[in-house]
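Please read the structure below before turning to the comments.
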Amino acid sequence: MVEDVGDKALRGLLAWLADSYFRAEVSGTENIPASGPVILVANHSGAWALDGFILNEVLERDLARPVDIMASSLVFRFPVVASTARKAGVFENDPTVGLGRLAEGRAVALFPEGFSGVRKSFRQRYRLRTFSTGFAVTAMRAGAPVVPVSIVGAEEAYPKFGEVDFLARLAGLPYFPVTTLLPLPSKWLISFGEPIPVPARSQSFAERAAAARLLCDEAQATVQKMVDRDRARRASPFH
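Right, dumping it as structure tokens:
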């Protein structure tokens with residue numbers, strides 16, 4: 001009962017943040033295939049990785065099909081957050097699970113930058129870190145097109161100015177950011193690009209590895225262009 005109340009409260013908070021506080025504008029959802037396996041790859045930013053929660057909220061609100069999000073195991077350390085995440089289809093970072101869900105014809109979203117995306121300093125904002133090729137390998141195995149996703153606004157919501165090492169060790173976290181106590185009311189733009197088709201899977205390991213690297217690089221370059229475009233669309237980070 002307490003967990004259910006917590007779930008409703010957290011979902012309500014996320015809806016308020018997305019709609020009223022960040023005034024998130026979403027575009028390009030028509031680019032997400034209505035059925036069949038698909039992987040959504042997004043840039044990752046903001047000191048506390050709030051972008052994953054807001055992406056989940058807008059996808060549940062604006063998309064007819066469910067999207068499962070692959071997240072760090074840290075998300076599941078906190079009971080209410082973990083319960084809400086699981087009910088929303090969020091699952092712990094595990095390529096095998098992701099491949100299984102794609103094999104069922106589901107949509108999966110992930111952040112190929114991992115912690116390096118949210119750990120970068122505010123001075124490096126919106127400069128994407130190197131994508132891991134894991135999603136590209138999985139996409140090719142599942143025959144799933146890749147939809148690039150741009151999230152602009154998270155960097156200003158929780159700007160990262162530094163780190164406190166002893167607090168990170170104390171909390172068992174990869175890093176503990178120096179940032180604002182509460183998120184700032186930045187303007188968020190979330191865009192979904194046209195699907196990138198995956199190449200046919202070769203019998204040669206070397207050719208598969210090269211194709212996965214090319215797919216990964218194309219996805220990263222596309223997301224970076226989308227991020228740059230959407231940053232230019234805002235009159236200011238807060239309007």
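The opening position of the sequence shown corresponds to residue 1 in UniProt numbering, with each subsequent residue numbered one higher.
Here a beta-carbon is modelled for each residue, glycine too, at the ideal position from N, C-alpha and C.
Any idea if residue i is buried or exposed, counting beta-carbon neighbours within 10 angstroms, 16 or more meaning buried?
i, result
"residue 4", "exposed"
"residue 87", "exposed"
"residue 188", "buried"
"residue 13", "exposed"
"residue 233", "exposed"
"residue 239", "exposed"
"residue 2", "In this predicted model, residue 2 has a pLDDT of only 47, less than 50, meaning its place in the structure is not dependable; the value taken from the coordinates is given anyway. Exposed: under 16 other Cβ atoms inside 10 Å."
"residue 91", "buried"
"residue 172", "exposed"
"residue 230", "buried"
"residue 96", "exposed"
"residue 64", "exposed"
"residue 164", "exposed"
"residue 166", "exposed"
Measure the Cβ-Cβ separation of residue i and residue j and say whether it is below 9 angstroms.
i, j, result
"residue 137", "residue 160", "no"
"residue 145", "residue 33", "yes"
"residue 183", "residue 17", "yes"
"residue 70", "residue 110", "yes"
"residue 174", "residue 115", "yes"
"residue 112", "residue 134", "yes"
"residue 162", "residue 24", "no"
"residue 223", "residue 75", "no"
"residue 46", "residue 155", "yes"
Rounded C-beta distance between residue i and residue j? I'm assuming under 8 angstroms.
i, j, result
"residue 83", "residue 7", "6 angstroms"
"residue 157", "residue 121", "Contact flag wrong, Cβ pair sits at about 15 angstroms."
"residue 118", "residue 44", "5 angstroms"
"residue 141", "residue 99", "6 angstroms"
"residue 68", "residue 89", "4 angstroms"
Please determine whether the Cβ atom of residue i lies at a distance below 8 angstroms from any heavy atom of the ligand ZN.
i, result
"residue 196", "Of ligands this structure carries none, so the ligand ZN is not represented either."
For the region 195-213 against the region 92-106, are there 3 or more C-beta pairs whose distance is under 8 angstroms? Look at the beta carbons and you see the region 195-213 not touching the region 92-106: under three pairs across the two are nearer than 8 angstroms.
Do three or more CB pairs link the region 192-202 to the region 135-155 at distances below 8 angstroms? yes
Are at least three pairs of beta-carbons, each pair with one atom in the region 49-64 and one in the region 213-226, less than 8 angstroms apart? no
Every unbroken alpha helix (DSSP H) inside the region 153-208 [4 residues or more]: 154-157 and 165-171
Where are the alpha helix (DSSP H) runs, 4 residues long or more, that stay fully inside the UniProt domain "Phospholipid/glycerol acyltransferase" (38-154), in chain order? 50-62, 79-87, 95-103, 115-119 and 134-142
Any contact of the region 118-133 with the region 197-205, i.e. 3+ C-beta pairs under 8 angstroms? At 8 angstroms Cβ cutoff, the stretches do not touch.
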